[in-house]
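Offset between the sequence shown (1-based) and my numbering: plus 156.
For reference, the structure discussed in these notes is given below.
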Amino acid sequence: MQHLTPFDPNAAAANDAASPASRPPWSRVSLTARLALAGSLMLLVVLAAVLASQISRDLRAARAAFVQQTEWRARMALADIADQAVLGDAAAIRRRLERHADTAGVQTLRFVAADGQVVANFRPALAAPVPPWFARLTGLEPRALSVPVAIAGHRYGELSLQVLPAEAMARIWARCVEAVELCLLATGLMLALLITVTEAGLAPLRRLVDAAHRLGEGEHDLRVEPSGPREFGEVAVSFNRMADRLDAKVQALREGDRERRTLAAIVEHSRDAIFTKDLDGRITSWNSAAAQMFGYSAEQVLGNPVAMLDPQPASVDMEALGERIRSQRTLGFEAERRRADGTVIEVAISVSPQYDDQSRHIGEISIVRDITEERRQSRQLDWQSCHDTLTGLLNRAEFERRIDTLLAQRTVASHALLLFDLDSFKVANDSCGRAAGDDMLRKVARLALEAVGTDGFAARFYGDEFGLCLEDCDLREAERAAAALCDQLRAFRFTWQGKSFATTSSVGVSLVGAGTSAAQALAEADAACHAAKQAGGGRVRVWRADDGELAQQKSEVLWVSRIHAAIAERRFRLMCQPIVALRDKLCQPHYEVLLRMVDEHGKEVAPFQFIPSAERYGLMPAIDRLVVDMTFEFFARHWGGREGEAAPNFSINLSGASITDEDFLHYVEQCFSRHEVPTANICFEVTETAAIAQIERAAAGIAHLRGLGCKFSLDDFGSGMASFAYLKSLPLDYLKIDGAFVKDMASNRIDFVMVEAFNRIGKELGLATVAEFVDGETTAALLRRLGVDYAQGYGVGRPLPMEQLVEERAAAA
Numbered sequence: 157m158q159h160l161t162p163f164d165p166n167a168a169a170a171n172d173a174a175s176p177a178s179r180p181p182w183s184r185v186s187l188t189a190r191l192a193l194a195g196s197l198m199l200l201v202v203l204a205a206v207l208a209s210q211i212s213r214d215l216r217a218a219r220a221a222f223v224q225q226t227e228w229r230a231r232m233a234l235a236d237i238a239d240q241a242v243l244g245d246a247a248a249i250r251r252r253l254e255r256h257a258d259t260a261g262v263q264t265l266r267f268v269a270a271d272g273q274v275v276a277n278f279r280p281a282l283a284a285p286v287p288p289w290f291a292r293l294t295g296l297e298p299r300a301l302s303v304p305v306a307i308a309g310h311r312y313g314e315l316s317l318q319v320l321p322a323e324a325m326a327r328i329w330a331r332c333v334e335a336v337e338l339c340l341l342a343t344g345l346m347l348a349l350l351i352t353v354t355e356a357g358l359a360p361l362r363r364l365v366d367a368a369h370r371l372g373e374g375e376h377d378l379r380v381e382p383s384g385p386r387e388f389g390e391v392a393v394s395f396n397r398m399a400d401r402l403d404a405k406v407q408a409l410r411e412g413d414r415e416r417r418t419l420a421a422i423v424e425h426s427r428d429a430i431f432t433k434d435l436d437g438r439i440t441s442w443n444s445a446a447a448q449m450f451g452y453s454a455e456q457v458l459g460n461p462v463a464m465l466d467p468q469p470a471s472v473d474m475e476a477l478g479e480r481i482r483s484q485r486t487l488g489f490e491a492e493r494r495r496a497d498g499t500v501i502e503v504a505i506s507v508s509p510q511y512d513d514q515s516r517h518i519g520e521i522s523i524v525r526d527i528t529e530e531r532r533q534s535r536q537l538d539w540q541s542c543h544d545t546l547t548g549l550l551n552r553a554e555f556e557r558r559i560d561t562l563l564a565q566r567t568v569a570s571h572a573l574l575l576f577d578l579d580s581f582k583v584a585n586d587s588c589g590r591a592a593g594d595d596m597l598r599k600v601a602r603l604a605l606e607a608v609g610t611d612g613f614a615a616r617f618y619g620d621e622f623g624l625c626l627e628d629c630d631l632r633e634a635e636r637a638a639a640a641l642c643d644q645l646r647a648f649r650f651t652w653q654g655k656s657f658a659t660t661s662s663v664g665v666s667l668v669g670a671g672t673s674a675a676q677a678l679a680e681a682d683a684a685c686h687a688a689k690q691a692g693g694g695r696v697r698v699w700r701a702d703d704g705e706l707a708q709q710k711s712e713v714l715w716v717s718r719i720h721a722a723i724a725e726r727r728f729r730l731m732c733q734p735i736v737a738l739r740d741k742l743c744q745p746h747y748e749v750l751l752r753m754v755d756e757h758g759k760e761v762a763p764f765q766f767i768p769s770a771e772r773y774g775l776m777p778a779i780d781r782l783v784v785d786m787t788f789e790f791f792a793r794h795w796g797g798r799e800g801e802a803a804p805n806f807s808i809n810l811s812g813a814s815i816t817d818e819d820f821l822h823y824v825e826q827c828f829s830r831h832e833v834p835t836a837n838i839c840f841e842v843t844e845t846a847a848i849a850q851i852e853r854a855a856a857g858i859a860h861l862r863g864l865g866c867k868f869s870l871d872d873f874g875s876g877m878a879s880f881a882y883l884k885s886l887p888l889d890y891l892k893i894d895g896a897f898v899k900d901m902a903s904n905r906i907d908f909v910m911v912e913a914f915n916r917i918g919k920e921l922g923l924a925t926v927a928e929f930v931d932g933e934t935t936a937a938l939l940r941r942l943g944v945d946y947a948q949g950y951g952v953g954r955p956l957p958m959e960q961l962v963e964e965r966a967a968a969a
């Protein structure tokens with residue numbers, strides 16, 4: 157076993173404080189500097205030894221060469237003046253010796269005649285070829301040489317020569333300088349290499365030292381990446397293990413307290429009610445959200461059975477509740493609970509077992525969310541999706557669905573369909589306004605419900621058109637019921653603000669049973685109703701297959717074949733009407749795409765003539781596809797590849813059937829891709845009635861198209877709706893106020909207030925508002941004052957063919 161010396165922090169601190177002054181200077185030099193200095197010295201010593209050896213060899217060779225060179229120079233000079241010495245031509249001797257004196261290294265060149273006369277004496281001024289210290293270091297001295305001039309035993313004089321070994325010293329000096337430069341270069345490279353290698357090798361150690369300091373300062377999550385030499389890697393691994401153990405101990409101390417604090421904060425500030433129960437179902441904790449939701453303070457509920465929150469506390473089986481808690485199950489369910497004031501709320505409850513620090517099961521945690529409003533809105537939306545919100549009757553889609561449900565039962569019984577509309581509705585609606593018309597429709601709806609009783613169901617299709625289905629009813633009973641309804645409506649008088657209106661109706665009757673469909677029966681009843689109206693109204697007409705007049709009426713009402721042919725031959729013409737900004741900053745050009753059908757003879761057919769039949773028989777998705785394709789094709793042809801200010805925005809109307817059709821939505825995506833039309837330049841419109849008929853599917857379709865980058869507008873807003881709660885469910889960009897309120901707002905105070913209210917609703921929802929049927933500047937000024945964003949109508953711009961739009965924009969540019 158190893159014994160460790162106890163650690164004395166005071167002694168360690170004292171040693172650390174004293175160590176810098178007590179350590180010798182060499183110990184304060186970094187390891188890198190030490191290695192670099194030692195390596196450099198070693199290299200310099202080796203290089204110096206090599207240089208000395210080389211210089212020694214060069215000097216020996218230079219001395220031998222210098223002796224030979226001096227003797228050679230003397231012989232050359234002697235040979236050159238020998239003849240002139242015999243002849244005694246002093247001038248020639250001087251000229252020739254002067255040439256020899258000009259050669260490198262000659263210090264003295266003299267000729268003395270036999271009689272002692274100095275004939276020539278040259279001492280050239282020589283520059284020192286090397287520094288004096290180097291000359292002394294080499295040991296090369298000047299060489300003096302005297303040679304007698306004698307021929308045939310007769311002496312004519314003496315030639316004296318002294319030569320400095322300048323060339324040898326210069327050559328050796330140059331070699332030394334070159335060698336020193338190479339030594340310095342090698343030393344520099346050696347230093348760089350040593351420093352680089354040393355720094356790289358010591359980097360892991362420095363990181364380890366830095367990590368140790370930071371760990372001591374509280375960075376317990378710090379770890380060192382093992383790198384560098386194997387020894388450093390092992391040290392790093394050991395350091396990380398030590399840090400892990402230290403961090404684990406610190407975290408273990410903090411974790412419990414942090415978890416308790418975090419859980420307490422979450423529970424206390426949660427928007428959901430959170431409370432706990434013991435194994436017997438008694439409340440043990442109660443957060444502030446629970447106090448707010450149920451109206452009980454913590455003091456009022458702690459220790460009491462949770463059954464006190466049940467609408468019927470006495471009916472709660474506490475024993476069964478205790479068994480559920482002890483089963484440790486996690487459950488989620490919805491239920492009703494009672495508040496302190498006695499009101500009952502709908503809640504979503506999630507329960508899970510509760511454990512203490514020793515993992516012992518001690519009770520149950522309940523998380524409760526109030527879904528009362530959510531459920532109310534859901535029920536309201538469900539109701540609106542299958543009812544006419546003005547009258548409370550079924551809408552057409554639900555009416556047909558219920559008929560199909562009856563037919564699916566495959567019974568032999570027949571059912572009667574009664575379809576009627578009001579002959580005088582337009583008179584009352586136009587003379588007294590929409591409010592009067594709406595009131596009239598509501599009262600007629602009550603009469604329809606009385607007529608159908610408990611033997612069927614009633615619906616309002618659109619406008620003043622109603623439908624009744626009498627279950628298990630034969631033709632005779634249906635005719636009696638239709639006649640009674642016709643008499644009842646004839647006896648009803650509608651009164652509004654002192655004005656009284658007689659009410660008559662045209663009733664069409666058809667039977668539906670095995671082998672027929674809701675659509676076919678409705679078409680037959682529609683044809684019979686129309687025939688009754690054409691016959692003067694206020695009467696009943698029964699559909700009979702052998703009635704030629706009704707058959708012809710049916711074909712005229714439906715227009716089905718004509719619409720199919722127009723779609724197949726693309727016999728539709730696009731028009732556009734400008735949507736004008738009422739404020740300068742809203743300057744992006746915007747147009748609504750309008751549709752005209754062209755009949756077999758090339759004449760235009762107004763939408764109101766074929767759209768109802770197309771909607772009734774499911775042809776609108778095909779028409780909508782054609783309109784989208786034609787609009788995108790037109791856009792790509794004239795503004796392809798241009799976005800922003802260069803291209804206008806177009807609003808395209810969609811039917812309720814299209815916006816809820818997934819295939820249609822995919823078709824729109826394909827059109828965007830095929831024509832390369834920017835999604836930001838396209839806005840789709842759907843009417844308010846179509847949107848709420850299937851609110852959830854419509855909202856999903858709108859969200860899908862907006863997800864592509866398109867805008868979306870709700871058209872005809874305010875047209876007979878009794879509640880606008882559905883608006884919160886629709887992801888919209890624009891709200892188009894129904895023109896029926898706009899056209900007379902300058903003269904009708906009620907219409908003005910309604911437009912103001914609709915605009916305010918749009919603004920509160922963050923939507924831009926558009927007013928329809930704007931007939932002049934007076935109405936536009938009122939809309940501008942109310943803060944409406946856009947105007948549309950004959951007063952600001954009439955519909956024009958799409959091609960004419962291009963021409964006008966080109967002329968304006």
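Cβ coordinates follow ideal geometry from the N, Cα and C atoms, glycine included.
Between the C-alpha atoms of residue i and residue j, what's the straight-line distance to the nearest angstrom?
i, j, result
"ALA878", "PRO804", "In this predicted model, ALA878 has a pLDDT of only 46, less than 50, meaning its place in the structure is not dependable; the value taken from the coordinates is given anyway. Taking the straight line joining both Cα atoms gives about 35 Å."
"GLY800", "HIS860", "Unreliable placement is indicated for GLY800, whose pLDDT of 48 sits below 50; the coordinate value is still reported in the next sentence. Near 22 Å, if we compare the C-alpha coordinates of HIS860 and GLY800."
"GLU455", "ARG495", "15 Å"
"GLU920", "VAL600", "35 Å"
"ASP214", "GLN273", "41 Å"
"LYS405", "VAL380", "19 Å"
"GLN973", "VAL583", "The structure shown does not extend to residue 973, since the chain is modelled only from 157 through 969, so no value can be given for it."
"ASP780", "THR561", "29 Å"
"ALA981", "CYS625", "Outside the displayed range of the chain (157 to 969) lies residue 981, so it cannot be described from this structure."
"VAL305", "LEU315", "7 Å"
"ARG905", "LEU938", "12 Å"
"ILE866", "ASN837", "According to the sequence provided, residue 866 is Cys. The question's Ile does not apply to it. Whole-angstrom Cα-Cα distance: 7 Å."
"ALA367", "VAL201", "40 Å"
"ASP945", "GLU771", "31 Å"
"GLN158", "LEU371", "Summary for GLN158: the model assigns pLDDT 36, below 50, so the residue's position carries little reliability, and this model does not support an answer."
"ALA504", "TYR882", "23 Å"
In terms of DSSP beta bridges, what is residue i paired with?
i, result
"TYR950", "Looking at the DSSP assignment, TYR950 forms no beta bridge with any residue, so it has no partner."
"GLU502", "GLU492"
"ASN805", "HIS746"
"PHE576", "PHE622 and VAL663"
"LEU520", "In the sequence on display, residue 520 carries Glu and not Leu. Per DSSP, LYS433 and PRO509."
"LYS892", "VAL926"
"SER316", "ARG266 and SER302"
"ASP871", "THR843"
Is it true that the CB of residue j sits closer than 9 Å to the CB of residue i?
i, j, result
"GLY874", "THR845", "no"
"ALA634", "LEU667", "yes"
"MET776", "ARG752", "no"
"VAL102", "GLY949", "Here the chain comprises residues numbered 157 to 969, so residue 102 is not present and cannot be evaluated."
"ALA687", "GLY664", "yes"
"THR660", "LEU645", "yes"
"ASN915", "GLY932", "no"
"VAL784", "VAL824", "yes"
Could you please give the first and the last residue of the uninterrupted beta strand (DSSP E) stretch that includes residue i?
i, result
"LEU320", "Taken as a continuous stretch (DSSP letters only), LEU320 belongs to no beta strand (DSSP E), as it is neither H nor E."
"SER656", "655-658"
I'd like the span of the alpha helix (DSSP H) that includes residue i, first residue to last.
i, result
"GLN644", "631-647"
"PRO777", "776-795"
"CYS866", "First-last for CYS866: undefined, no H or E at that position."
Q. Do the segment 527-544 and the segment 836-855 make contact, defined as three or more Cβ pairs closer than 8 Å?
A. yes
Q. Taking one C-beta from the segment 779-799 and one from the segment 828-838 each time, how about it: are there three or more such pairs within less than 8 Å?
A. yes
Q) Taking contact to mean at least 3 C-beta pairs separated by less than 8 Å, is the segment 386-400 in contact with the segment 469-482? A) no
(Q) Using a Cβ distance threshold of 8 Å, determine whether the segment 567-582 contacts the segment 631-649, with at least three qualifying pairs required. (A) yes
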